[in-house]
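Residue numbers (my numbering): 17 to 999.
This report refers to the structure that appears directly beneath it.
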Amino acid sequence: MKMKLLSTAVLFFVGAHLVEAQKTKRDTIPQDTKIDEIVVVAYGSQKRETMVGSNTEVKAKQFADRPITSIGQALDGASAGVKVSTGTGQPGSSPSIQIRGIGSYGITTNPLYVVDGTIYTGSLAAINPNDIASFNILKDAASTSLYGSAAANGVVLITTKSGRKGGKDLINFSMSTGAIGRSIPEYDRVNVHQYYPLIWESIRNGRMTSVPGTTIADANAYATAQLISGVLKTNVFNVPDNQLVVNGVLNPDAKLKYTDLDWQKPLMNTGFRQNYELNYSGGSNTTTYFSSVGYTNETGYLIKSDFERFTARLKVDSQVKSWLKLGTSISGVSSNGNNSVEGVDNNSAYINPYRWTRTMGPIYSPYAHDPNTFATLYDNAGNVVYDAGSARGADAAAGRNVIQETLLNKDLSKNYYIISRAYAEIKVDPYLTLSTNVGYDIRNNRRSTYGNKIIGDAAPGGSAEKYSFTEQTFTWNQLLNYKRKFGEHNFEFLLGHENYKFMYEYLYGYKKGQIVDDNDELINFVTPATLTSRTDNYRKEGVFSRLNYDYKSKYLLSGSIRWDGSSRFAKDVRWDSFWSIGAGWRLKGEEFLSNSNLISELKIRGSYGEVGNDRTDSYYMYKSTYTLGYNNAQEPGILFGFLADPSITWEANKQTDLGIDFGFLNNRITGSVEYYNRVTEDLIFPVPLPVSAGVPDNTISRNVGTMYNRGFEFSINADVIKTPNFTWNINANASTLKNQVTELTDGITEIINGTKKVSVGHSIYDYWLRQWYGVDPADGSPLFLVADAFANTTAADIRTVNGQKVTTNFNKAKYDYSGTAIPDLFGSFGTTITYKQWALSAMFTYQLGGKTYDSNYAALMSSYSQGGALSTDILDRWTTPGQITDVPALNSSTYTSSNIGNNSRWLVSSDFITFRQATLSYSFSPETLSQLGVSGLKILVSGENLWSKTARKGLEPSQAFNGTTTNRYTPARVVTIGFNVSF
Numbered sequence: 017m018k019m020k021l022l023s024t025a026v027l028f029f030v031g032a033h034l035v036e037a038q039k040t041k042r043d044t045i046p047q048d049t050k051i052d053e054i055v056v057v058a059y060g061s062q063k064r065e066t067m068v069g070s071n072t073e074v075k076a077k078q079f080a081d082r083p084i085t086s087i088g089q090a091l092d093g094a095s096a097g098v099k100v101s102t103g104t105g106q107p108g109s110s111p112s113i114q115i116r117g118i119g120s121y122g123i124t125t126n127p128l129y130v131v132d133g134t135i136y137t138g139s140l141a142a143i144n145p146n147d148i149a150s151f152n153i154l155k156d157a158a159s160t161s162l163y164g165s166a167a168a169n170g171v172v173l174i175t176t177k178s179g180r181k182g183g184k185d186l187i188n189f190s191m192s193t194g195a196i197g198r199s200i201p202e203y204d205r206v207n208v209h210q211y212y213p214l215i216w217e218s219i220r221n222g223r224m225t226s227v228p229g230t231t232i233a234d235a236n237a238y239a240t241a242q243l244i245s246g247v248l249k250t251n252v253f254n255v256p257d258n259q260l261v262v263n264g265v266l267n268p269d270a271k272l273k274y275t276d277l278d279w280q281k282p283l284m285n286t287g288f289r290q291n292y293e294l295n296y297s298g299g300s301n302t303t304t305y306f307s308s309v310g311y312t313n314e315t316g317y318l319i320k321s322d323f324e325r326f327t328a329r330l331k332v333d334s335q336v337k338s339w340l341k342l343g344t345s346i347s348g349v350s351s352n353g354n355n356s357v358e359g360v361d362n363n364s365a366y367i368n369p370y371r372w373t374r375t376m377g378p379i380y381s382p383y384a385h386d387p388n389t390f391a392t393l394y395d396n397a398g399n400v401v402y403d404a405g406s407a408r409g410a411d412a413a414a415g416r417n418v419i420q421e422t423l424l425n426k427d428l429s430k431n432y433y434i435i436s437r438a439y440a441e442i443k444v445d446p447y448l449t450l451s452t453n454v455g456y457d458i459r460n461n462r463r464s465t466y467g468n469k470i471i472g473d474a475a476p477g478g479s480a481e482k483y484s485f486t487e488q489t490f491t492w493n494q495l496l497n498y499k500r501k502f503g504e505h506n507f508e509f510l511l512g513h514e515n516y517k518f519m520y521e522y523l524y525g526y527k528k529g530q531i532v533d534d535n536d537e538l539i540n541f542v543t544p545a546t547l548t549s550r551t552d553n554y555r556k557e558g559v560f561s562r563l564n565y566d567y568k569s570k571y572l573l574s575g576s577i578r579w580d581g582s583s584r585f586a587k588d589v590r591w592d593s594f595w596s597i598g599a600g601w602r603l604k605g606e607e608f609l610s611n612s613n614l615i616s617e618l619k620i621r622g623s624y625g626e627v628g629n630d631r632t633d634s635y636y637m638y639k640s641t642y643t644l645g646y647n648n649a650q651e652p653g654i655l656f657g658f659l660a661d662p663s664i665t666w667e668a669n670k671q672t673d674l675g676i677d678f679g680f681l682n683n684r685i686t687g688s689v690e691y692y693n694r695v696t697e698d699l700i701f702p703v704p705l706p707v708s709a710g711v712p713d714n715t716i717s718r719n720v721g722t723m724y725n726r727g728f729e730f731s732i733n734a735d736v737i738k739t740p741n742f743t744w745n746i747n748a749n750a751s752t753l754k755n756q757v758t759e760l761t762d763g764i765t766e767i768i769n770g771t772k773k774v775s776v777g778h779s780i781y782d783y784w785l786r787q788w789y790g791v792d793p794a795d796g797s798p799l800f801l802v803a804d805a806f807a808n809t810t811a812a813d814i815r816t817v818n819g820q821k822v823t824t825n826f827n828k829a830k831y832d833y834s835g836t837a838i839p840d841l842f843g844s845f846g847t848t849i850t851y852k853q854w855a856l857s858a859m860f861t862y863q864l865g866g867k868t869y870d871s872n873y874a875a876l877m878s879s880y881s882q883g884g885a886l887s888t889d890i891l892d893r894w895t896t897p898g899q900i901t902d903v904p905a906l907n908s909s910t911y912t913s914s915n916i917g918n919n920s921r922w923l924v925s926s927d928f929i930t931f932r933q934a935t936l937s938y939s940f941s942p943e944t945l946s947q948l949g950v951s952g953l954k955i956l957v958s959g960e961n962l963w964s965k966t967a968r969k970g971l972e973p974s975q976a977f978n979g980t981t982t983n984r985y986t987p988a989r990v991v992t993i994g995f996n997v998s999f
């Protein structure tokens, strides 16, 4: 019979012979031949129908035409159970990934990445997505346990492209170019005409509150007098300060003296992306080769943020003898770029351009103006003169100018990578194979920063920093694989040993006092402030084994075990075992379903096992350490740096997985339903200690907790229409997640951190906040539920509203759990349509349920802004007795209660839907191209982050797994056009 091969570069077993699917549309297969798809698994490959683990495979064709810089971007929406915290808009950035929930509290929750059989710890941006043939997401213990102590958070196996056996060599060239813009719009904010009356109102109401008995007329006059001279400092209208706002109304004769009040426009514009790829592949019957070079250049929509990458790769595989196969690959990568300010670590910093372009009041210009003509000022060289901020309010970064500082400061990075792999396979006999894999990666990072001497933190002397670090990883494993068939019984046995070595070398220097201009090398600075270095080493060794069995591909068993030793822990707790067992029943193989035309695949599978997590922040968790460098002149000094618990050990992750895989109508419809339960024991928590203990950070890390993650996963793929000229495919996945702490030991009952409180019976992402009640219709006061300790007391700041005891004093507010950051449902859906040579694909991601703590919005809702921007929602503030609103009165005396953080008022729905990506392409027919000597030509247009709908304009609910927001570089929208040609 004739069968259409749906993908290229997928290995199949045809009878007992291994063949490779070629790019032919159709192939002729004998009717009695069975085609089995082979899937990449831990330390090998396996027939899909005999797998008992949860393994999602994504082929290159699913992301090949997308304008992505990091393979991490392709993980978003790729599989049920995978949650993505979107990367920033910084070119070259990668998203954060969680697989099946929150694997830990105090240490990493990132998955393990494995490239061509060995562990990879470098940046995902160093791997060219166009060099990747596929990636597999391993989600349960049956799939991941062979990676032992590194597998608790799931594993992503990345397989790079190889050459092709036989046939002619292939040259492929592709290029794309396009525009980069902002994908998340800014919050709506009041304009300059609305702003002055609002601040006047706050001053007036505050005066009446703070000075009882003040008449309205006196309070109005006080507000008019204080508005400019006392609070805002700047009047951008052409009327006197004491006539700008009278009785709460902006002077109708007021005209703007200048209009250049936009702080975002000078910093944010349209960026540019270009990408070029050239690869050459081919091979004989014994040797295959693949080589590629690539160039990517991205300029972000924020000025002075860019990313440039050069990649080169060579991979050769050769069947040297009938019993010996050798292979090697090497990649060289050079990347460099201007780094934008990291918003998460510098959320409130004066150099944060996202914060100060968002929260700067609409009455301030970034430029200096002539006090008489109001014209913009320029220096003798024709450069615009920036306003230094001497005439700004307390909330408007007085004395700073984020535009000028962004232009003058520098932050540049250069990265150099070598990623190398080699392997050897020895066929001892038809059943026994010995193999070894070696991986060596090295990364050198050089980062230079310059703080200008004109304005900002480094003024007036200027400063320079130099960072340099080198990371080296070496992995070597030796594998024995025995595979044999006894009648209908199939056995596969794996025995392996693996060494892993990591070394980190760090050097940092910081000097102040710039000598000459336009030179930011350290030698051009006078005063050494810091010079330090360190070297870290980490070792791990493991021995592992796996046994797979199946009978007629119907009854399936799998078991694996690994013993790992980690240098992060003391010798007596360094070694531990990790294991799994799985079973499956492939009902399609039974006689009662074998001839069914409706059911083309049906398999029930389940697994249970234990994996670990040793990826702590410190490489020496069991050792108390001291910090050097605290010297007093010539007298040496050291400082207590870290208190260790010598008994600290692995976090253990016990996982249960139950699944059903199905296919209908000759696999026109395929999918799966899964249930998982992950129980993490020996959670590492920073346990609080009394201040009197004299311990750094007043904490000690210990194994003190247990929690679970459990949920359901659904995925479906359907070919709705499938004809020679027209196809329509739809796909969707959905996931649920329930997280809960079930045990805390060592006398710990709760751990409060920011907006969260960890306690038994609650998720680590449950909010613990002051309980906002609302606004008192009588006087516009902000109201909180009163804490139990004050419920039976009487005071001026405690009142009863609608039968509820409330308080206007945030210090007396009740704290309670207030929802969770974890959604009820999340996933993706998409479609692919082809018509003759045209193809259109699209994907949407979504989330339903959960809450976001929107501190960015809170900063725009001050009841007494002293020069800071205000959301347009402030226009709904209370103004009249009896008015029902959720925005308190503007009041300069009570604004701290209205603005207070850790407040349930700032929670908002995390629901969203995002048009994540789309690609439209046209492929020219072979008949048209054959005359030109071209084997393939495709033109396309593609886009990323095209549209988003959230509960509030400006909100970015997928920014962080824990539901918080920061003033960060929001993700970029990328739209490109390009072509791909093959010879």
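Where is the CB? At the ideal position from N, CA and C, for every residue including glycine.
This structure is a prediction, so every number in the text was calculated from the model and none was measured.
- For the pair Gly-182 and Asn-301, the CB atoms are nearer than the 8 Å cut-off.
- Using a C-beta cut-off of 8 Å, the stretch 685–694 makes no contact with the stretch 629–640, since fewer than three inter-stretch Cβ pairs fall below that distance.
- Residues of the same chain with a CB within less than 8 Å of the CB of Val-206, apart from the 5 flanking positions on each side, are Leu-214, Pro-378, Ala-885, Leu-886, Ser-887, Thr-888, Ile-890 and Leu-891 in chain order.
- According to the DSSP secondary-structure assignment, Gly-994 is paired through a beta bridge with Ser-192 and Leu-956.
- DSSP places Lys-281 outside both helix and strand once states are collapsed to three, so it counts as coil.
- With fewer than 16 other Cβ atoms inside 10 Å of its own Cβ, Glu-537 counts as exposed.
- DSSP places Tyr-691 in the uninterrupted beta strand (DSSP E) bounded by 685–704.
- Linking Thr-861 to Trp-579 through their CA atoms gives a straight-line distance of about 39 Å.
- With respect to the C-alpha of Thr-696, the residue from Arg-416, Val-336 and Val-757 having the closest C-alpha is Val-757.
- Taking 8 Å as the cut-off, the Cβ atoms of Thr-452 and Tyr-439 count as close.
- Under DSSP, Gly-298 shares a beta bridge with Tyr-305.
- Assignment of Gln-530 by DSSP, reduced to helix, strand and coil, places it in the strand class.
- In this model, Ile-716 and Glu-421 are separated by some 39 Å (Cα to Cα).
- A Cβ-Cβ distance of about 5 Å is found for the pair Thr-761 and Val-720, placing them in contact under the 8 Å criterion.
- Of Pro-987, Gly-994, Gly-625 and Thr-992, the smallest CA-CA separation from Thr-102 is found for Pro-987.
- Counting only runs of 3 or more residues that sit fully inside the stretch 554–634, the beta strand (DSSP E) segments are 571–582, 591–602 and 615–629, in chain order.
- Gln-488 is the residue among Gln-488, Gly-843 and Trp-601 whose C-alpha sits nearest the C-alpha of Arg-555.
- Check the Cα spacing between Gly-865 and each of Gly-835, Ser-857 and Gly-883: the tightest is with Gly-835.
- Residue Ala-475 holds the alpha-carbon nearest to the alpha-carbon of Lys-527 among Ala-475, Ile-700 and Ile-143.
- Looking at the DSSP output, Ala-168 shares a beta bridge with no other residue.
- Pro-213 sits in a helix when the DSSP states are folded into three classes.
- Sequence-distant partners of Ser-345 (beyond 5 residues in either direction) whose C-beta falls short of 6 Å from its own C-beta, in its chain, are Lys-331 and Arg-437.
- Assigned with DSSP and collapsed to three states, Leu-841 falls in strand.
- When rounded, the separation of the alpha-carbon atoms in Ile-597 and Ser-731 is 24 Å.
- Under a 10 Å Cβ-count criterion, Ser-946 is classified as exposed, with fewer than 16 other Cβ atoms of the shown protein chains found around its own Cβ.
- According to DSSP, residue pairing for Leu-495 in a beta bridge involves Ser-451 and Gly-512.
- Here Arg-371 carries a helix assignment [DSSP, helix/strand/coil].
- Going by C-alpha positions, Arg-786 is about 8 Å away from Gly-917.
- Listed in chain order, the non-local C-beta contacts of Val-903 below 6 Å within the same chain comprise Asp-892 and Arg-893, local neighbours out to five positions each way being set aside.
- Distance from the CA of Gly-979 to the CA of Ile-367, rounded to the nearest whole angstrom, comes to 24 Å.
- Proximity of the stretch 955–970 to the stretch 258–278 falls short of the contact definition, fewer than three beta-carbon pairs being nearer than 8 Å.
- Nearest Cα to Asn-872 within the set Gly-353, Thr-981, Lys-443 and Tyr-880: Thr-981.
- CA-CA distance, Tyr-783 to Ser-381, rounds to 39 Å.
- With contacts defined as CB atoms closer than 8 Å, Thr-125 and Gly-133 fail to qualify as a contacting pair.
- Shown here, Tyr-163 sits in a helix according to DSSP, grouped into three states.
- Within the stretch 729–783, the complete beta strand (DSSP E) segments at least 3 residues long are 742–751, 754–760, 767–769 and 772–774, listed from N- to C-terminus.
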